[in-house]
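Read the structure below first, then the notes.
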Amino acid sequence: MPEMKYDKLCEQLERMIRNGTFGNRLPGIHKLAGQLGANHITIRKALELLIDRGLLEVIPSRGTFVREQEKAVRNFRVIGCIGICCGSHVREMVFTRQNELMRDSGYKILDISASAKIFRDNPRLLLQFPVDGYIFCGSSLSREMMQVLMDNGIPLISTINSNFPEINQVGMDHFAGYAEALKILKLRGCRRIAFLGYQRQDDFQNYIDDIRAVFRQELGTAFNPGLFSVFCSEDYYLRYVEDYHKVIAEECIRSWGNNPPDGLVCHFYTAPTVRQLMPEVETVVFTSCGDRPEGDIVMYEDLPAILSAASGRMIEILSGDASITEIRIPFVIREKEKTESK
Numbered sequence: 047m048p049e050m051k052y053d054k055l056c057e058q059l060e061r062m063i064r065n066g067t068f069g070n071r072l073p074g075i076h077k078l079a080g081q082l083g084a085n086h087i088t089i090r091k092a093l094e095l096l097i098d099r100g101l102l103e104v105i106p107s108r109g110t111f112v113r114e115q116e117k118a119v120r121n122f123r124v125i126g127c128i129g130i131c132c133g134s135h136v137r138e139m140v141f142t143r144q145n146e147l148m149r150d151s152g153y154k155i156l157d158i159s160a161s162a163k164i165f166r167d168n169p170r171l172l173l174q175f176p177v178d179g180y181i182f183c184g185s186s187l188s189r190e191m192m193q194v195l196m197d198n199g200i201p202l203i204s205t206i207n208s209n210f211p212e213i214n215q216v217g218m219d220h221f222a223g224y225a226e227a228l229k230i231l232k233l234r235g236c237r238r239i240a241f242l243g244y245q246r247q248d249d250f251q252n253y254i255d256d257i258r259a260v261f262r263q264e265l266g267t268a269f270n271p272g273l274f275s276v277f278c279s280e281d282y283y284l285r286y287v288e289d290y291h292k293v294i295a296e297e298c299i300r301s302w303g304n305n306p307p308d309g310l311v312c313h314f315y316t317a318p319t320v321r322q323l324m325p326e327v328e329t330v331v332f333t334s335c336g337d338r339p340e341g342d343i344v345m346y347e348d349l350p351a352i353l354s355a356a357s358g359r360m361i362e363i364l365s366g367d368a369s370i371t372e373i374r375i376p377f378v379i380r381e382k383e384k385t386e387s388k
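With the numbering used here applied, the sequence shown corresponds to residues 47 to 388, in that order.
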């Protein structure tokens, strides 16, 4: 009977190891016992059997590791994508289109629409998905997530971010987009230009710093740090739920006092409140996908182009291309006539 128990547990552990559940290194015995609902002595016996079979090796003072030749080989022909920010209906159509375009490659792209914070809190969850590689959009990736994937031989692509020089990057050319937006506002006569944006998670805080640098460069002495406003959207959502964009816009307007800007760069969610309370302010709206009615100038991400470029690059990586490249995609810009936008 004990042998049967160990054999059954061995089969379960071997299956999990070959599926890449643990990556290169197994958890400690007590943690493994808790995960599998087994006695730690039973776990130890099962691990000893797997060590005897050559599947595992113990490195003193370091732990129990999967032998090099036994590491999981991923061949699901699926690419995971995390961090796409748009409505579910639009997202479904975009991914359906991309899968049609990828038909001849033999690969499919999977939209993993769970909150990226789940993976930042527990990066090893990424190892549970049946994918050969990951594409991270927006600010969904963290360095800890990147390290877990790299340690387990799973390739990944990030959006454009200088904090991740080790990996391939595909994304919108945000800083060229912001520079173009400021040029357009200046041509429309704006002299006091403000920014209203949201904080990013730790490994993407440099994104806001880089936008501020673009404002300084394009506006020169006209740049006013007091008009560059950044709010923590999570804090406001917890307090105001669905009204948080409106509340943030109202607070930003109050901070301008009696000397408001004549131009504003903002997210499309905050634009309606600004336009309602201060219709004379020219607005540039940045949006994640699709044209929007909220701004005088709309700059939106070419989501199909991002997925196409990132998927193509990932297929090259999975085919053996070990080079590190960066692909920048320009924003789609729609400048409305003044009579059209107000």
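By construction, the Cβ of each residue, glycine as well, lies at the ideal position given by its N, Cα and C atoms.
Residue i - DSSP class collapsed to helix/strand/coil
{"i": "F314", "result": "coil"}
{"i": "K54", "result": "helix"}
{"i": "S301", "result": "helix"}
{"i": "R61", "result": "helix"}
{"i": "S159", "result": "coil"}
{"i": "K382", "result": "coil"}
{"i": "Y346", "result": "strand"}
{"i": "E328", "result": "strand"}
{"i": "S334", "result": "coil"}
{"i": "G309", "result": "strand"}
{"i": "F277", "result": "strand"}
{"i": "G66", "result": "coil"}
Anticipated Cβ contact below 8 Å, residue i with residue j, distance rounded
{"i": "E328", "j": "D348", "result": "Not confirmed; about 24 Å, so no contact."}
{"i": "I206", "j": "E372", "result": "7 Å"}
{"i": "L171", "j": "F165", "result": "6 Å"}
{"i": "T316", "j": "L242", "result": "6 Å"}
{"i": "R258", "j": "F277", "result": "At roughly 15 Å, the Cβ-Cβ gap does not stay under 8 Å, so R258 and F277 are not in contact."}
{"i": "S279", "j": "Y286", "result": "Wrong, their Cβ atoms sit about 10 Å apart, outside the cutoff."}
{"i": "L102", "j": "R90", "result": "With 8 Å as the limit, L102 and R90 do not qualify as a contact, their Cβ atoms being about 12 Å apart."}
{"i": "V194", "j": "P211", "result": "Not quite, the Cβ-Cβ distance comes to about 18 Å (not below 8 Å), so this is no contact."}
{"i": "G179", "j": "L202", "result": "6 Å"}
Closest Cα partner of residue i within the set the options
{"i": "N252", "options": "N270, I370, R238, F221", "result": "F221"}
{"i": "Y244", "options": "T333, G303, A79, R108", "result": "T333"}
{"i": "E362", "options": "I87, R71, I125", "result": "I125"}
{"i": "T110", "options": "K77, S357, K382, R137", "result": "K77"}
{"i": "N121", "options": "Y153, G100, T319, I105", "result": "Y153"}
{"i": "I379", "options": "Y224, E146, Y283", "result": "Y224"}
{"i": "S357", "options": "Q144, S107, A84, L101", "result": "Q144"}
{"i": "L95", "options": "S279, S107, G69, K54", "result": "K54"}
{"i": "D197", "options": "G66, P271, S365, A162", "result": "G66"}
{"i": "V136", "options": "S159, F250, I87, K382", "result": "S159"}
Beta carbon of residue i nearer than 9 Å to that of residue j
{"i": "G309", "j": "R237", "result": "yes"}
{"i": "C132", "j": "V140", "result": "yes"}
{"i": "G217", "j": "I375", "result": "yes"}
{"i": "E296", "j": "L323", "result": "yes"}
{"i": "I230", "j": "V330", "result": "yes"}
{"i": "M360", "j": "I181", "result": "yes"}
{"i": "L413", "j": "Q58", "result": "Any property of residue 413 remains undetermined from this structure, which presents the chain solely from 47 to 388."}
{"i": "I128", "j": "S186", "result": "yes"}
{"i": "V45", "j": "I239", "result": "Any answer about residue 45 is impossible in this case: the structure gives the chain only from 47 up to 388."}
{"i": "S188", "j": "Q263", "result": "no"}
{"i": "N209", "j": "D249", "result": "yes"}
Contiguous alpha helix (DSSP H) assignments of at least 4 residues, all confined to the region 349-375 = Correct list: 349-364.
TODO: Please specify which runs of the alpha helix (DSSP H), each continuous and at least 4 residues long, are wholly inside the region 167-255, giving them in chain order.
DONE: 189-197, 220-233
Exercise. Can you check the region 97-147 for any beta strand (DSSP E) of at least 3 residues that lies completely inside it and give the ranges in chain order?
Key: The region 97-147 contains these whole beta strand (DSSP E) runs: 102-105, 109-112, 124-128.
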